[in-house]
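Heads up: the structure comes next, in structure tokens.
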Ligand code: BYC
């Protein structure tokens, strides 16, 4: 197992000190990153003492070390999972051949584009969440937000390391560009749609960490299979951190639902107006937020029919998540039927892999929904939360711009536009949710719209002073 060297300016387990050129290049980028963090990271909390976990080694047991520190002092670094001896390519046309330790010339631009796209999402999410600290529902939640933010910063480091180490001057330029594009910037936006969506309330944060971070899990899992071994090792370690982000999403939504159910019980009603008057978020509004962030995140898998996905799989660059669980790893003789607005289309399986991935992602998304529905059922309520159809509100792929309802049915455009407010948050919904976003910073206290968590962090009590504000 490789240990992490914290004596270095850039903590790492890649023997950076043995490659002076690379070390110098990354040390040149480091102050640019810190400046970006200062300008675009969590606003106004630079002097707060935050209870954070930091990686100290990359094995399953020892990687999480907890301590109190100020966020700008977080030790962002470069951590790769340990190499697997004699690892072979596990899918595609070169299956069974040794994995690549360098980038093959013919795949250079594709690999660079994918690494840049992955890297771009990490700082984008920090930018999206920049102002949420001002309206935290509790210190526990504030700390979780900051934990996610510092880890997304580290995931940016992970991709920047690959760019610097394997892509020469182009890679260094791309690393600078990752700090120059900004979420929602009209002139230099982030690459992928969802990462330009504004995020101004905590219900959106919980939906984002539930749905969008889960896309992250699936994309990282597919890169963990990659024939480009440094990418695989990097992503394997990133996945261990990603789990906490989805935990924040799933438990966050659970706590909002719990509070709503408690208020419904107290008042003996499911009337949204009365629930809102009591300062909780009614279930139909929660459903509209789920519809919004789920549909947005579904676009992140790309088009249902994609020659990129075919080429990336065939060449060994990007596999399916959990590739070893499939039987056929070459997929040259199989087809899949894809429903489009023009009718069913049978396409080579290789071209349908984005859809294969989207389907397994949606199954994973169902797990939390089932849990929330069990809570609703136990509370004796009839209504249920659901996921929207994967055709609903799409901006990418054959269903892009089509008037489709949440069940996936094509309807008249006029009806679609009229009913959209029933399906995604309206201006009124957002305005209402914003009224609830008041900062609560007394240890152990929660905002009225969310139930307390079942337990604190790392066996500490819920009322621990997780973020000590100066
Ligand atoms: N928005 O053949 P297509 C995470 C582009 S989240 C804008 O349909 P392909 C995280 C596409 O780039 C995980 N553009 O799809 C979560 C391509 O453009 P070019 C992020 C889009 O290429 C929370 C063109 O349309 N990681 O880590 O098979 C917090 C045709 O593409 C979109 C990755 O995404 C979109 N939604 O697959 C923090 C992994 N969708 O190249 C972090 C890296 C497609 O022709 N990226 N396009 O100019 C990829 O693997 C692929 O680029 C995609 C698309 C899966 C995104």
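Residue numbers (this note's numbering): 1329 to 1798. Yeah, the Cβ is synthetic: ideal placement off N, Cα and C, and Gly gets one too. Just so we're clear, the structure is a prediction, and the values are computed from it rather than from any experiment.
What I want to know is whether the C-beta of residue 1646 ends up closer than 7 Å to one or more non-hydrogen atoms of ligand 1.
Along the chain shown, read from residue 1 onward, the residue named residue 1646 stands at position 318. Yes, Cβ of residue 1646 sits closer than 7 Å to a heavy atom of ligand 1.
Do residue 1627 and ligand 1 come close, with the Cβ less than 7 Å from some heavy atom?
The count along the chain shown starts at 1 and reaches residue 1627 at position 299. Answer for residue 1627: yes, Cβ within range of ligand 1.
Contact between the region 1648-1663 and the region 1737-1747: three or more CB pairs below 8 Å?
No, the region 1648-1663 does not touch the region 1737-1747.
Length at least 3, wholly inside the region 1480-1544: the beta strand (DSSP E) runs in chain order:
Correct list: empty.
Taking the continuous beta strand (DSSP E) assigned at residue 1762, which residues delimit it?
Position 434 of the chain shown, counted from the start, is the residue given in the question as residue 1762. Per DSSP, residue 1762 lies in no beta strand (DSSP E) segment; the continuous alpha helix (DSSP H) that holds it begins and ends at 1755-1764.
Per-residue DSSP class, three states only, for residue 1773
As a first step, residue 1773 is located in the chain shown; it is residue number 445 there, counting from the start. Here residue 1773 sits in coil by DSSP.
Just to confirm my understanding: we take residue 1798, look at its own chain, exclude 5 residues before and 5 after, and list those with CB closer than 7 Å. What are they?
Counting from 1 along the chain shown, the entry for residue 1798 is found at position 470. Closer than 7 Å at the Cβ level, and outside the excluded window around residue 1798, lie 1375, 1376.
Report buried or exposed for residue 1800, applying the criterion of at least 16 other Cβ atoms within 10 angstroms of its Cβ.
The requested residue 1800 does not occur in the structure, where the chain is confined to residues 1329 to 1798.
Close beta carbons around residue 1718, own chain, < 7 Å, minus the five adjacent residues each side:
Here residue 1718 refers to the residue found at position 390 when the chain shown is read from its first residue. Correct list, in chain order: 1626, 1686, 1690.
In whole angstroms, what separates the C-alpha of residue 1367 from that of residue 1471?
What you label residue 1367 is simply residue 39 of the chain shown in a count that begins at 1. What you label residue 1471 is simply residue 143 of the chain shown in a count that begins at 1. If you take the alpha carbons of residue 1367 and residue 1471, they lie about 20 Å apart.
How big is the Cα-Cα spacing for residue 1697 and residue 1715?
To locate residue 1697, count along the chain shown from 1; it is residue 369. To locate residue 1715, count along the chain shown from 1; it is residue 387. So the alpha carbons of these two residues sit roughly 8 Å apart.
Should the region 1563-1583 be regarded as contacting the region 1465-1479, the criterion being three or more beta carbon pairs within less than 8 Å?
Yes, the region 1563-1583 is in contact with the region 1465-1479.
In the DSSP output, which residue or residues are listed as bridge partners for residue 1333?
As a working note, residue 1333 is residue 5 in the chain shown. Answer is 1340.
Let me confirm a value: residue 1679 is counted as buried when at least 16 other C-beta atoms fall within 10 Å, else exposed. Which label applies?
In the chain shown, the residue the question calls residue 1679 occupies position 351. Residue 1679 should be labelled buried.
Taking all protein chains shown into account, do 16 or more other C-beta atoms lie within 10 angstroms of the C-beta of residue 1570, making it buried, or fewer, making it exposed?
In the chain shown, residue 1570 corresponds to position 242, counting from 1. It is buried - the Cβ of residue 1570 has at least 16 other Cβ atoms within 10 Å.
Looking at the unbroken beta strand (DSSP E) that takes in residue 1377, where does it start and where does it end?
By one-based count along the chain shown, residue 1377 stands at place 49. It spans 1377-1383 - the beta strand (DSSP E) in which residue 1377 sits, taken as one unbroken run.
Should residue 1345 go down as buried or exposed, given a rule of 16 or more other Cβ atoms within 10 Å for buried?
To locate residue 1345, count along the chain shown from 1; it is residue 17. The Cβ neighbour count for residue 1345, taken over all protein chains shown within 10 Å, is under 16; the residue is labelled exposed.
Given a threshold of 16 other Cβ atoms within 10 Å of its Cβ, counted over all protein chains shown, does residue 1414 qualify as buried or as exposed?
Numbered from its first residue, the chain shown carries residue 1414 at position 86. The residue is exposed, with fewer than 16 neighbouring Cβ atoms inside 10 Å.
Does the region 1538-1545 come within contact of the region 1389-1405, defined as at least 3 CB pairs closer than 8 Å?
Because the criterion of three Cβ pairs below 8 Å is not met, the region 1538-1545 and the region 1389-1405 do not touch.
Under 6 Å Cβ to Cβ from residue 1738, same chain only, skipping five residues before and after it: list those, please.
As a working note, residue 1738 is residue 410 in the chain shown. Here the set comprises 1732.
Hey, is residue 1589 close to ligand 1, as in C-beta under 7 Å from one of its heavy atoms?
Your numbering for residue 1589 matches position 261 in the chain shown. Residue 1589 has its CB no nearer than 7 Å to any heavy atom of ligand 1.
Inter-stretch contact (C-beta, 8 Å, three-pair minimum) for the region 1774-1789 and the region 1458-1468:
Inter-segment contact for the region 1774-1789 and the region 1458-1468 is present: three or more beta-carbon pairs are separated by less than 8 Å.
Determine whether the beta carbon atoms of residue 1524 and residue 1532 lie at a separation below 8 Å.
Taking the first residue of the chain shown as position 1, residue 1524 is located at position 196. Taking the first residue of the chain shown as position 1, residue 1532 is located at position 204. Contact: no.
Return yes when at least one heavy atom of ligand 1 lies under 7 Å from the C-beta of residue 1441, else no.
Translated into positions along the chain shown, residue 1441 becomes position 113. In this structure, residue 1441 has its beta carbon less than 7 Å from a heavy atom of ligand 1.
Residue 1636: beta carbon under 7 Å from a heavy atom of ligand 1?
Numbered from its first residue, the chain shown carries residue 1636 at position 308. Yes, Cβ of residue 1636 sits closer than 7 Å to a heavy atom of ligand 1.
I'd like to check one pair, residue 1423 with residue 1483: are the Cβ atoms closer than 8 Å?
On the chain shown, residue 1483 is found 155 positions in, with the first residue counted as 1. On the chain shown, residue 1423 is found 95 positions in, with the first residue counted as 1. No, Cβ-Cβ distance for residue 1483 and residue 1423 is not below 8 Å.
Cut-off 7 Å between Cβ atoms - residues of its own chain near residue 1454, not counting five sequence neighbours on either side
The count along the chain shown starts at 1 and reaches residue 1454 at position 126. Taken in chain order, the residues that qualify are 1368, 1369, 1477, 1480, 1481.
Taking only the alpha-carbon atoms, compute the straight-line gap between residue 1490 and residue 1561 and give it to the nearest angstrom.
Counting from 1 along the chain shown, the entry for residue 1490 is found at position 162. Counting from 1 along the chain shown, the entry for residue 1561 is found at position 233. One Cα belongs to residue 1490, the other to residue 1561, and the distance between them is close to 11 Å.
Who does residue 1795 pair with in a DSSP beta bridge?
The residue you call residue 1795 lines up with position 467 of the chain shown. According to DSSP, residue pairing for residue 1795 in a beta bridge involves 1378.
Quick check on DSSP: helix, strand or coil for residue 1349?
For the purposes of this step, residue 1349 is taken as the residue at position 21 of the chain shown. When DSSP states are grouped into helix, strand and coil, residue 1349 belongs to the helix group.
Name the one or two DSSP bridge partners that residue 1667 has.
Within the chain shown, residue 1667 is the residue found at index 339, counting from 1. DSSP lists 1672 as partners of residue 1667.
Here's a check: name, in chain order, each residue in its chain whose Cβ is nearer than 7 Å to the Cβ of residue 1616, leaving out the five neighbours to either side.
Within the chain shown, numbered from 1, the residue matching residue 1616 stands at position 288. Taken in chain order, the residues that qualify are 1751, 1752, 1753, 1757.
Among 1425, 1589, 1729, 1660, whose alpha-carbon lies nearest the alpha-carbon of residue 1702?
Reading the chain shown from its first residue, position 374 is the one you call residue 1702. Put simply, of 1425, 1589, 1729, 1660 the residue whose alpha carbon is nearest the alpha carbon of residue 1702 is 1589.
Can you name, in chain order, every residue of its own chain whose Cβ lies under 6 Å from the Cβ of residue 1796, other than the five neighbours on each side?
Position 468 of the chain shown holds residue 1796. Taking C-beta separations shorter than 6 Å and ignoring five residues to either side along the sequence, the partners of residue 1796 in its chain run 1377, following chain order.
If you measure between the beta carbons of residue 1581 and residue 1700, is that distance less than 8 Å?
By one-based count along the chain shown, residue 1581 stands at place 253. By one-based count along the chain shown, residue 1700 stands at place 372. Their beta carbons are under 8 Å apart, which means residue 1581 touches residue 1700 by this criterion.
Reduced DSSP category for residue 1462 - H, G, I as helix; E, B as strand; rest coil
Stepping through the chain shown from its first residue, residue 1462 is reached at position 134. Here residue 1462 sits in helix by DSSP.
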